[in-house]
Amino acid sequence: MTQVTIGVRPTKRCLADLSLSLPDLGLPLNEMDDSIVVTAQSIPALRNAGGAQRILSLNDRVWFKVKTRDRRAVVTRLQDDDLPHELPSEVGGWWIGAAGHRQADSPQRDFYESIRRECTDGKTVSTTRLLPVEWDWKRLSAEQAVAWRREMKRLVVHLIAISLTSGKLAVAEFRNHRIKALVRVDDAHEAYLAIIAEGIADPKIFALLLDCVPGVTKDDWQPEPSEPAAMEPAPGEIVWSTLFPSEVASTILELDSAHRTRS
Numbered sequence: 073m074t075q076v077t078i079g080v081r082p083t084k085r086c087l088a089d090l091s092l093s094l095p096d097l098g099l100p101l102n103e104m105d106d107s108i109v110v111t112a113q114s115i116p117a118l119r120n121a122g123g124a125q126r127i128l129s130l131n132d133r134v135w136f137k138v139k140t141r142d143r144r145a146v147v148t149r150l151q152d153d154d155l156p157h158e159l160p161s162e163v164g165g166w167w168i169g170a171a172g173h174r175q176a177d178s179p180q181r182d183f184y185e186s187i188r189r190e191c192t193d194g195k196t197v198s199t200t201r202l203l204p205v206e207w208d209w210k211r212l213s214a215e216q217a218v219a220w221r222r223e224m225k226r227l228v229v230h231l232i233a234i235s236l237t238s239g240k241l242a243v244a245e246f247r248n249h250r251i252k253a254l255v256r257v258d259d260a261h262e263a264y265l266a267i268i269a270e271g272i273a274d275p276k277i278f279a280l281l282l283d284c285v286p287g288v289t290k291d292d293w294q295p296e297p298s299e300p301a302a303m304e305p306a307p308g309e310i311v312w313s314t315l316f317p318s319e320v321a322s323t324i325l326e327l328d329s330a331h332r333t334r335s
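Using my numbering, read the sequence shown as starting at 73 and increasing by one per residue.
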């Protein structure tokens with residue numbers, strides 16, 4: 073199963089500061105190939121080891137410096153109260169709030185000094201403007217959805233490949249659900265594939281599950297029990313089956329092999 077990534081994400085503002093183009097949802101923003109973003113990933117570990125450099129002038133919350141050869145940035149870790157409850161623990165905790173170019177020739181043009189001035193009103197310092205906004209949370213949620221879908225597809229393909237090669241029922245746990253795959257051949261040498269799930273009450277989720285099988289359309293599936301496949305669901309199970317052509321089987325084996333090679 074894909075591990076939850078505790079990354080340091082650039083905010084929308086930071087992306088604009090760095091003039092970075094927005095990647096597709098398959099690439100988490102904390103994995104962008106940019107020197108500031110890459111360097112910022114070390115801040116959580118440095119903080120834990122006592123080696124992160126704090127920005128003392130931003131005293132309403134804890135901010136740390138990020139430095140590359142010619143650029144600077146500020147990073148913070150949100151408090152639990154600042155995090156959306158629907159996200160997994162630790163996801164979206166660390167953010168790059170702003171970035172800019174190094175200006176060493178003048179204290180007035182220093183990046184960190186300019187951030188201090190931006191966030192200061194009289195004697196009050198507020199860095200709220202540097203924190204993630206609604207757009208940032210929507211982007212993170214969309215990335216999570218894409219990652220969830222990819223993880224589910226890899227698992228379904230792998231289960232089918234196991235059953236195809238072993239002739240047995242393949243079972244795995246996925247996000248509090250139990251998913252099974254079974255490939256069987258009847259007396260007439262007709263191959264069938266059954267996808268079986270426990271704990272999935274939402275039909276939309278089950279539709280996504282069936283859509284993970286390449287080369288099989290939604291109209292190809294039929295609920296069990298049915299006359300062709302003659303499968304009887306156990307209590308608590310939802311079972312859908314389909315004919316399983318040899319070309320689909322070949323695609324499944326190729327995809328599973330490719331996934332295992334990459335991992």
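Beta carbons: idealized from backbone N, C-alpha and C, even for Gly. Here the structure is a predicted model, which means the values were calculated and not measured.
Does DSSP put Ile277 in a helix, in a strand, or in coil? In the sequence shown, the residue the question calls residue 277 occupies position 205. Note: Ile277 maps to helix in three-state DSSP.
With DSSP as the reference, identify every bridge partner of Val138, one or two as the case may be. Mapped onto the sequence shown, residue 138 falls at position 66. Answer is Ala145.
Phe246 (DSSP reduced to helix, strand or coil): In the sequence shown, residue 246 corresponds to position 174, counting from 1. Correct three-state label for Phe246: strand.
Helix, strand or coil: how does DSSP classify Val218 here? In the sequence shown, the residue the question calls residue 218 occupies position 146. Helix at Val218.
Output yes or no for whether 8 Å exceeds the beta carbon distance between Ser235 and Ala214. In the sequence shown, residue 235 corresponds to position 163, counting from 1. In the sequence shown, residue 214 corresponds to position 142, counting from 1. No.
With 16 other CB atoms within 10 Å as the buried threshold, where does Thr314 fall? Taking the first residue of the sequence shown as position 1, residue 314 is located at position 242. With 16 or more Cβ atoms within 10 Å of its Cβ, Thr314 is classed as buried.
To the nearest angstrom, how far is the alpha carbon of Arg82 from that of Pro307? Within the sequence shown, numbered from 1, the residue matching residue 82 stands at position 10. Within the sequence shown, numbered from 1, the residue matching residue 307 stands at position 235. Residue 82 is actually Pro in this sequence, not Arg. Those two C-alpha atoms are separated by around 47 Å.
Near Asp106, which residues of its chain fall below 7 Å by C-beta distance, leaving aside the five closest residues on each side in sequence? In the sequence shown, residue 106 corresponds to position 34, counting from 1. The residues are Leu90 and Leu92.
Does DSSP classify Leu203 as helix, strand or coil? Walking along the sequence shown from the start, residue 203 turns up at place 131. Three-state DSSP puts Leu203 in coil, outside helix and strand.
What is the residue span of the alpha helix (DSSP H) that Thr83 lies within? Numbered from its first residue, the sequence shown carries residue 83 at position 11. Careful: Thr83 lies outside any alpha helix (DSSP H) and carries neither H nor E.
Would you call the CB atoms of Tyr237 and Pro286 closer than 8 Å? If you number the sequence shown from 1, residue 237 lands on position 165. If you number the sequence shown from 1, residue 286 lands on position 214. The question names Tyr, yet the displayed sequence has Thr at residue 237. For Thr237 and Pro286, no; Cβs fall outside 8 Å.
Report the partner residues of Asp193 according to the DSSP bridge assignment. Numbered from 1 along the sequence shown, position 121 holds the residue referred to as residue 193. According to DSSP, Asp193 bridges with Thr196.
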